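In our numbering, the protein residues as written are 513 to 730. A short write-up of the structure that comes next.
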Amino acid sequence: MTDEATVEAFTPFADLGAVLEIARLPMPPEGAASAVVEAMRVFGARYDARLARFHPEGLPQNVFRIALDLDVDSGRRVLEGHDLSVDALLGPGYDVDEDRIQLFTYRGASSTSTIQEGLAYALLNPPYGLRAPRAKWGRGASYGPNEQAWMRTTLRAFCRDVLDLPDPRHTEHLRFLAWPTDWSTYFDAGKDWWGSFCWSVEHLERASITVIAASATD
């Protein structure tokens, strides 16, 4: 589905298996909180459109739908976001100063990770992994560095193409906010184990805002 909030630059990452939802909107006069709520409505409409392809006769009554908390939907509750540095946005899985992925520790081609926070994690480590060219990386000591290099390239491309952030060390044109995840059924899946996330990236020079949400399970 294509809509006015679609960010076409995200398509290659979705094709890799990224589970983020992305919407870009004009910055509303009411502020970022209003944009985040509107983005969730966009995500819900996209989800319904995908469901409709499998249920041309109409959606079953018991099918999962993306819904908003009634107080948020009506405006009685205004979401409160908190400002983030780019380090906090990307999380401990990426070292901004060193330009280094540090999501995993390796033993040959086996890897483990205890990191479950930040945009680097949400993008690069979905429940079923990304469609990466692992066969080219070998099975020994070269696997870890090769995977980290690929993930670094992928994250940097996402920052550049989707967030207009060519260099994460230079963020003067952007404002990052984190938002609660207790106001939509969209976030329910991630409560199982993988996590639920909601961020916004305001482009101060273009008066636009990109909303990023993620919530998944296996």
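Ideal Cβ positions, reconstructed from N, Cα and C, are used throughout, including at glycine. Every value quoted in this text rests on a predicted model; they were computed, and no experiment measured them.
Apart from sequence neighbours up to five positions away, the residues of its chain that approach proline 645 with a beta-carbon distance below 8 Å are Trp662, ordered along the chain. Boundaries of the alpha helix (DSSP H) around serine 546: 544 to 566.
When the beta-carbon positions are compared, glycine 593 and tyrosine 633 stay at least 8 Å from each other. Inter-segment contact for the stretch 614 to 624 and the stretch 707 to 717 is absent: fewer than three beta-carbon pairs are separated by less than 8 Å.
Fewer than three Cβ pairs drawn from the stretch 648 to 658 and the stretch 606 to 614 lie within less than 8 Å of each other, which leaves the two stretches out of contact. Note on the stretch 581 to 640: whole alpha helix (DSSP H) runs with a minimum of 4 residues are 582 to 586, 598 to 602 and 631 to 636, in chain order. Residue range 523 to 528 is occupied by the alpha helix (DSSP H) that includes proline 524. The Cβ atoms of alanine 725 and phenylalanine 576 do not sit closer than 8 Å to each other.
For alanine 725, no alpha helix (DSSP H) encloses it; the enclosing beta strand (DSSP E) starts and ends at 720 to 727. Taking a 10 Å sphere around the C-beta of alanine 701, we find 16 or more other C-beta atoms and assign the residue as buried. A straight-line Cα-Cα distance of about 15 Å links proline 657 and leucine 667.
Around the Cβ of glycine 652, a 10 Å sphere holds fewer than 16 other Cβ atoms; the residue is exposed.
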